[in-house]
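**Q** Residue numbers (full-length UniProt numbering): 1 to 443.
By construction, the Cβ of each residue, glycine as well, lies at the ideal position given by its N, Cα and C atoms.
Being a predicted model, the structure only gives us computed values, none of them experimental.
#1: Could you tell me which of 354, 259, 237, 14 sits nearest to residue 372, measuring between CA atoms?
#2: Do the stretch 111-121 and the stretch 16-28 meet, that is, are 3 or more Cβ pairs less than 8 Å apart?
#3: Assign residue 29 to one of three DSSP states: helix, strand, or coil.
#4: Answer yes or no: do residue 273 and residue 287 have a C-beta to C-beta separation smaller than 8 Å?
#5: Count the C-beta pairs between the stretch 202-210 and the stretch 173-183 that are closer than 8 Å, then say yes if the count reaches three, no if not.
#6: Where does residue 136 fall in DSSP's three states?
#7: Expressed to the nearest angstrom, what Euclidean distance is found between the alpha-carbon atoms of residue 311 and residue 357?
#8: Do residue 434 and residue 160 have their beta-carbon atoms positioned less than 8 Å apart in this structure?
#9: Once you ignore the five residues that flank residue 174 on each side, which residues in its own chain have a CB closer than 6 Å to its CB?
#10: Within 10 angstroms of the Cβ of residue 223, are there 16 or more other Cβ atoms? Answer buried if so, exposed if not.
#11: Which residues does DSSP list as the beta-bridge partners of residue 227?
#12: DSSP three-state label for residue 310, please.
#13: Could you pull out every unbroken alpha helix (DSSP H) segment of at least 4 residues lying fully inside the stretch 162-190, listed in chain order?
#14: In chain order, what residues of the same chain lie with their CB nearer than 8 Å to the CB of residue 333, ignoring the 5 residues before and after it?
#15: Please go through the same chain and pick out, in chain order, the residues whose beta-carbon is closer than 8 Å to the beta-carbon of residue 73, but skip the five residues on each side of it.
#16: Please classify residue 432 as buried or exposed, where buried requires at least 16 neighbouring CB atoms within 10 angstroms.
#17: Using DSSP bridges, identify the partner residues of residue 245.
#18: For a test of the three-state rule: what should DSSP assign to residue 387, helix, strand or coil?
#19: Can the beta-carbon of residue 132 be found closer than 8 Å to that of residue 61?
#20: Quick check on the burial criterion: 16 or more other C-beta atoms within 10 angstroms. Buried or exposed for residue 423?
#21: Could you check the C-alpha separation between residue 402 and residue 254 for me, to the nearest Å?
#22: Using 8 Å for Cβ pairs, my map puts residue 147 next to residue 261. What's the rounded Cβ distance?
#23: Let's see if you can read the secondary structure: which residues bound the beta strand (DSSP E) around residue 259?
#24: So, under 8 Å CB-CB, residue 379 and residue 221 are touching, yes? Tell me the CB distance rounded to an integer number of Å.
#25: Here's the rule: buried if 16 or more other CB atoms are within 10 angstroms of the residue's CB, otherwise exposed. What is residue 81?
#26: Tell me the rounded alpha-carbon separation between residue 235 and residue 407.
#27: By a C-beta neighbour count over all protein chains shown, 10 Å radius and 16 as the cutoff for buried, is residue 167 buried or exposed?
#28: Distance check for residue 15 and residue 87, CA to CA, integer angstroms please.
#29: Taking a contact to mean a Cβ-Cβ separation below 8 Å, would you say residue 421 touches residue 143 in this structure?
#30: Between which two residues does the beta strand (DSSP E) containing residue 207 stretch?
#31: Excluding sequence positions up to five away, which residues of its chain have a Cβ less than 6 Å from the Cβ of residue 4?
#32: Going by DSSP in three states, residue 393 sits in which element: helix, strand or coil?
#33: Which of the three DSSP states, helix, strand or coil, is assigned to residue 82?
#34: Thinking just about the alpha-carbon of each residue, which of 33, 18, 17 is nearest to the one in residue 340?
#35: Can you tell me whether residue 8 is buried or exposed, with buried defined as 16 or more other CB within 10 angstroms of its CB?
#36: Take residue 69 and list the residues in its own chain whose beta-carbon comes closer than 7 Å to its own, dropping the five residues that flank it on each side.
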């Protein structure tokens, strides 16, 4: 077949995995001893531990502590092949995926493309807001925050000054709550030392949530505790409000209120990231593939979807399982078993989600945790929840090196109140240029 990408053929059934997130990576690892050839395709050459991206954005961690190259993770797996490419289309009839490096043949295809930021069709918001879905997003946000303060040192106009110092976060889920808490810590402990000429009493952090609760999906106790912690930290939480528009300078809320900021962080929603080629009836609301209890895409017995892109609908989960790491990883492990079952002629095992609970941290010594253990629900807040959050996230990092470096960074930051990665490298976001006249310093 003309146009085939150059990949060694092992003479075994080929499992092509598109996307190396939590689900795709877990599947590739679980197929280590299976009689198959595993081909992972991703537009990045690394796995990103997204739950800690907010710490990269707020100068707590360097980017290389939350990423691990695929080739390093799976370098001892002889049936594994990686290709850096973008998948452009699925051709189910010919059993190939069209990619930026050519056609890749498959016997079994697994779509694990995850989710993308959902702006709900608001193109103005997409142009002006900063999302939090990738390493690039996190670095851009860090650069923008620091660049804003450097510019603020040259301004005398109060409104212009506030537009640089104030931040608006849209979305009261874990990402929004954790970002708000981290920014409040920087405001208290770090920025006043770096920028002594600025009055950080003028730095406002606004968190906008469309519903009446933060951390939707967690317990009422967790939501109430998160709200109290944020308010204690000086974050202005706006419940039951939506952002109607943002032009890069003025935020207009559904109540008619306006806020001035040059930095709006969008953490309000995600949608599945489907691939072109399969018929529209394969998709459910939110851009997720309709899959059966074995993660098979509707109408395609040799195409599977796992993780955020897959919606296994049941009475308990009418919208599909939550778009979190645990369901993706569990689906990846089970699908590896089921692919071996298919090859051996054994019956497939249905997916049953083992919900282990949810956590969110709000800042130093403050977190909330809803844990499911032994068939019981355990809820805790404060220091214990914070220690649990740190342990779980530390152990979830892929490599020992990353765990060690993150632990050292956290320990140093805890005792010194320092966030050491306060440098500007790369792009910043400036939707509306600063128009105020600056005064030149007298040297």
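**A** For this structure:
#1: Among 354, 259, 237, 14, the Cα nearest to that of residue 372 is on 354.
#2: Look at the beta carbons and you see the stretch 111-121 touching the stretch 16-28: at least three pairs across the two are nearer than 8 Å.
#3: It is helical.
#4: Taking 8 Å as the Cβ cut-off, residue 273 and residue 287 qualify as a contacting pair.
#5: Contact between the stretch 202-210 and the stretch 173-183 is present, because at least three Cβ pairs lie under 8 Å.
#6: DSSP places residue 136 in helix when its eight states are reduced to three.
#7: If you draw a straight line from the Cα of residue 311 to the Cα of residue 357, it is about 19 Å long.
#8: A contact, by the Cβ cut-off of 8 Å.
#9: If you ignore the 5 residues before and after residue 174, its C-beta comes within less than 6 Å of the C-beta of 360, all in its own chain and listed in chain order.
#10: The Cβ neighbour count for residue 223, taken over all protein chains shown within 10 Å, is at least 16; the residue is labelled buried.
#11: Paired residues: none, contrary to the question.
#12: For residue 310, the three-state secondary structure derived from DSSP is strand.
#13: Taken in chain order, the complete alpha helix (DSSP H) segments of 4 residues or longer contained in the stretch 162-190 are 174-189.
#14: Taking residue 333 as the centre and dropping the five residues before and after it, the same chain places the C-beta of 26, 27, 30 closer than 8 Å to its C-beta, in chain order.
#15: Excluding residues within five positions, the ones whose Cβ falls inside 8 Å are 25, 29, 47, 398, 399.
#16: Its Cβ having fewer than 16 others within 10 Å, residue 432 is exposed.
#17: Partner(s): 252.
#18: Correct three-state label for residue 387: helix.
#19: The criterion of a C-beta distance shorter than 8 Å is not satisfied by residue 132 and residue 61.
#20: Exposed, since its Cβ has fewer than 16 Cβ neighbours within 10 Å.
#21: Approximately 43 Å, taken between the alpha carbons.
#22: Not quite, the Cβ-Cβ distance comes to about 14 Å (not below 8 Å), so this is no contact.
#23: DSSP places residue 259 in the uninterrupted beta strand (DSSP E) bounded by 258-260.
#24: Sure, about 5 Å apart at Cβ, within 8 Å.
#25: With 16 or more Cβ atoms within 10 Å of its Cβ, residue 81 is classed as buried.
#26: Distance between the alpha carbons of residue 235 and residue 407 is about 27 Å.
#27: By the neighbour-count rule (16 or more Cβ atoms within 10 Å), residue 167 is buried.
#28: If I take the Cα positions, the gap works out to 15 Å.
#29: Contact: no.
#30: Its beta strand (DSSP E) spans residues 205-209.
#31: The residues 102, 103, in chain order, have a CB closer than 6 Å to that of residue 4 in the same chain once the five nearest residues on each side in sequence are set aside.
#32: Three-state DSSP puts residue 393 in a helix.
#33: The answer is strand: DSSP assigns residue 82 an E or B state.
#34: 33 is the residue among 33, 18, 17 whose C-alpha sits nearest the C-alpha of residue 340.
#35: Sixteen is the threshold: since fewer than 16 other Cβ atoms of the shown chains lie within 10 Å of the Cβ of residue 8, the residue is exposed.
#36: 45, 46, listed in sequence order.
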